[in-house]
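Chemist:
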Amino acid sequence: MDTDLATRLDEVDARIAGAARSVGRDPAELTRIVVTKFHPAALVRELHALGVRDVAENRQQEFTAKAVDVGDLDDLRWHFVGQLQTKKARAVRSVASAVHSVDRERVADALDAAGAERPPLDVFLQVNLTDDPARGGVEPSGLEHLAEHAASCQTLRVRGIMAVAPLGEPPASAFERLAGYAQRLRKVVPDATWMSAGMTADFAEAIAAGATHLRIGTAITGDRPDRG
Ligand SMILES: *Cc1c(COP(=O)(O)O)cnc(C)c1O
1 MDTDLATRLD EVDARIAGAA RSVGRDPAEL TRIVVTKFHP AALVRELHAL
51 GVRDVAENRQ QEFTAKAVDV GDLDDLRWHF VGQLQTKKAR AVRSVASAVH
101 SVDRERVADA LDAAGAERPP LDVFLQVNLT DDPARGGVEP SGLEHLAEHA
151 ASCQTLRVRG IMAVAPLGEP PASAFERLAG YAQRLRKVVP DATWMSAGMT
201 ADFAEAIAAG ATHLRIGTAI TGDRPDRG
């Protein structure tokens with residue numbers, strides 16, 4: 001067992017709890033998801049042994065491969081957080097407990113079509129907080145339309161909003177905008193109360209802005225190995 005991993009996990013959890021209390025929130029409302037991308041499946045196993053139950057990946061192939069590799073750990077919840085191509089939706093759906101990156105109607109449709117015999121899939125609608133369409137996420141002006149569409153998909157449950165803080169802007173102001181988009185989403189889907197925001201560099205600001213699901217990689221896993 002990697003004792004450094006255990007130490008980092010404890011430290012991050014303590015920082016999360018501190019950040020929550022400092023803004024009057026109960027740390028128990030927060031789901032800490034460990035992003036394991038680029039690390040071997042063995043790391044997922046170690047995390048599981050340390051009590052981690054929520055893990056995330058951002059690429060379908062790695063997502064599928066790792067989930068198969070640790071398929072014996074049947075109480076793990078797999079979160080998909082990367083840009084999703086419609087042709088990969090079926091593979092993602094077969095593993096995912098939640099998809100954080102629904103940003104187009106076609107992605108919602110593809111996930112829905114893959115869900116016929118499955119339990120409902122929790123989805124977050126990803127909003128783009130930058131001016132660069134390549135960053136992923138729906139343009140804020142399209143949020144209500146996407147929300148109505150996704151909510152009409154029988155096998156999807158629209159649970160909340162998601163975003164990645166832009167580079168070159170203080171995360172607090174970006175997440176403040178996100179909180180406004182979360183309110184707009186709740187006007188369309190009243191019980192979509194979740195907010196997926198906050199990574200290694202900005203989880204305290206995300207917690208202050210109302211995040212419920214934190215996606216934390218390097219602060220817990222250590223530096224990502226070279227992709228080779
Ligand atoms: C990699 C990744 C994270 C985690 O990033 P860290 O900075 O390592 O904490 C969170 N969200 C998404 C969408 C990612 O791709």
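Numbering of the sequence shown is given in the UniProt record's numbering, commencing with residue 1 and proceeding in unit increments. Glycine residues also receive a C-beta, built at the ideal position from the N, C-alpha and C atoms. Given the structure is predicted, the values throughout are model-derived calculations rather than measurements.
#1: Relative to the C-alpha of V81, which candidate in F124, G71, C153 and P190 has its C-alpha closest?
#2: Could you name the residues of the same chain whose beta carbon sits closer than 7 Å to that of A6, not counting the 5 residues immediately before and after it, in chain order?
#3: Between A41 and the rest of its own chain, which residues show a CB-CB distance below 7 Å, the 5 nearest in sequence each way excluded?
#4: Taking 6 Å as the limit between beta carbons, can you name the residues of its chain near A110, skipping five residues before and five after?
#5: Is DSSP giving G18 helix, strand or coil here?
#6: Could you check where the alpha helix (DSSP H) with H145 kicks off and where it finishes?
#7: Comparing C-alpha positions only, which one of A197, A114 and A209 sits nearest to S22?
#8: Is the separation between the beta-carbon of Y181 and that of P140 shorter than 7 Å?
#9: Determine the burial state of R224: buried for a count of at least 16 other Cβ atoms within 10 Å of its Cβ, exposed for fewer.
#10: Helix, strand or coil: which one does DSSP assign to H39?
#11: Between the C-alpha atoms of E62 and R77, what's the straight-line distance to the nearest angstrom?
#12: Do A211 and M199 have their CB atoms nearer than 7 Å?
#13: Which residues have their C-beta within less than 5 Å of a heavy atom of ligand 1, listed in chain order?
#14: Alpha carbon to alpha carbon, how far is T64 from G228? Give it in angstroms, no decimals.
#15: Cα separation between D103 and A219?
#16: Is the Cβ-Cβ distance between T155 and D122 less than 7 Å?
#17: Nearest-angstrom Cα distance between L30 and D202?
#18: Give the single residue among A96, A192 and A91 whose Cα lies nearest to the Cα of D54.
Modeler: On the basis of the supplied data:
#1: By one-based count along the sequence shown, residue 81 stands at place 81. Ranking F124, G71, C153 and P190 by Cα distance to V81 puts F124 first.
#2: Mapped onto the sequence shown, residue 6 falls at position 6. Closer than 7 Å at the Cβ level, and outside the excluded window around A6, lie L50.
#3: Indexing the sequence shown from 1 puts residue 41 at position 41. So the qualifying residues of the chain are K66, D69 and V70.
#4: Along the sequence shown, one-based indexing puts residue 110 at 110. T86 and A89, listed in sequence order.
#5: Counted from its first residue, the sequence shown places residue 18 at position 18. Helix at G18.
#6: Here residue 145 is taken as the residue at index 145 of the sequence shown, counted from 1. Here the alpha helix (DSSP H) through H145 covers L143 to A151.
#7: The residue you call residue 22 lines up with position 22 of the sequence shown. Residue A209 is the option with its Cα nearest to S22.
#8: One-based indexing of the sequence shown puts residue 181 at position 181. One-based indexing of the sequence shown puts residue 140 at position 140. Going by C-beta atoms, Y181 is nearer than 7 Å to P140.
#9: Taking the sequence shown and counting its residues from 1, one reaches residue 224 at position 224. Label assigned to R224: exposed.
#10: Stepping through the sequence shown from its first residue, residue 39 is reached at position 39. H39: coil per DSSP, three-state reduction.
#11: Looking up residue 62 in the sequence shown gives position 62. Looking up residue 77 in the sequence shown gives position 77. Distance between the alpha carbons of E62 and R77: 15 Å.
#12: Residue 211 sits at position 211 when you count from the first residue of the sequence shown. Residue 199 sits at position 199 when you count from the first residue of the sequence shown. Their beta carbons are not under 7 Å apart, which means A211 does not touch M199 by this criterion.
#13: V35, N58, V81, M199, T200, R215, I216, G217 and T218
#14: Translated into the one-based positions of the sequence shown, residue 228 becomes position 228. Translated into the one-based positions of the sequence shown, residue 64 becomes position 64. Because G228 sits at a pLDDT of 42, beneath the cut-off of 50, its placement in the model cannot be relied upon, and the point is left open.
#15: Numbered from its first residue, the sequence shown carries residue 103 at position 103. Numbered from its first residue, the sequence shown carries residue 219 at position 219. Distance between the alpha carbons of D103 and A219: 27 Å.
#16: Your numbering for residue 155 matches position 155 in the sequence shown. Your numbering for residue 122 matches position 122 in the sequence shown. Not a contact, by the Cβ cut-off of 7 Å.
#17: Residue mapping note: residue 30 aligns to position 30 of the sequence shown, counting from 1. Residue mapping note: residue 202 aligns to position 202 of the sequence shown, counting from 1. Taking the straight line joining both Cα atoms gives about 15 Å.
#18: Numbered from its first residue, the sequence shown carries residue 54 at position 54. Minimum Cα distance to D54 is reached at A96.
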